[in-house]
Structure formats: structure tokens, C-alpha cells
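According to our numbering, the stretch in the sequence shown is residues 102 to 181, in order.
Glycine residues also receive a C-beta, built at the ideal position from the N, C-alpha and C atoms.
Below you'll find the structure, written out as C-alpha cells, and then a few comments.
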Amino acid sequence: MAEDVDWCARAAKLRRVEEAILSGEMVTEARFGADMTRFASASLADVTAALNEALRRCAESRGEKPRRTRYAIPARARPY
């Protein structure tokens with residue numbers, strides 16, 4: 102199932118969604134008198150997390166080695 106997804110195309114779409122959220126183009130709800138328009142909204146954190154995942158999988162599908170995002174913190178003890 103995961104092979105059916107084009108991660109590079111998905112990353113491009115998520116990039117456009119992220120830019121729309123940051124520029125204020127995505128309206129959650131607009132009311133003009135009795136008329137109301139409601140659009141689907143997504144939080145910026147959710148879109149950014151999905152974008153990072155899509156970029157990582159896109160790099161993997163192209164044969165690149167993805168960047169490490171987490172590093173271990175060395176343990177240190179102070180002798181008393």
C-alpha cells in the first residue's frame with residue numbers, strides 16, 4: 102500500500118498547503134450576513150509534520166540517505 106503513494110508529489114502538495122496557511126489564504130469560516138462558507142482547516146504543526154515525513158520518504162524513494170533528526174544525548178556523571 103505504501104508503494105502506491107508518490108511521496109514527492111505529496112510533498113509538493115503539502116508545501117503549497119503550508120504556504121497557504123502561512124500567507125493566510127486558508128479561511129476556516131467566513132460569514133457575510135446569512136451566507137456562510139466553511140473550509141477545511143489544518144493546524145500548521147500537523148502540516149509541517151506531514152511535510153517532513155513526505156520529504157523523508159521522497160528522499161528514500163530516490164535512493165538518498167535522509168538526514169538524521171534525532172541524536173542521542175551522552176550520559177555524564179559527576180564524581181562526588
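query, result
"Reference Ala110, options Arg169, Thr149, Arg168, Leu156, closest by Cα", "Leu156"
"Terminal residues of the beta strand (DSSP E) in which Ala131 lies", "130 to 133"
"Rounded distance between the beta-carbons of Ala146 and Leu115, thought under 8 Å", "Between Ala146 and Leu115 the Cβ distance is about 13 Å, and since that is not below 8 Å, they are no contact."
"DSSP state of Asp136 mapped onto helix, strand, coil", "strand"
"Beta-carbon spacing of Arg177, Trp108 below 8 Å", "no"
"Three-state class that DSSP yields for Ile122 in the structure shown", "helix"
"DSSP-derived helix/strand/coil call for Asp105", "helix"
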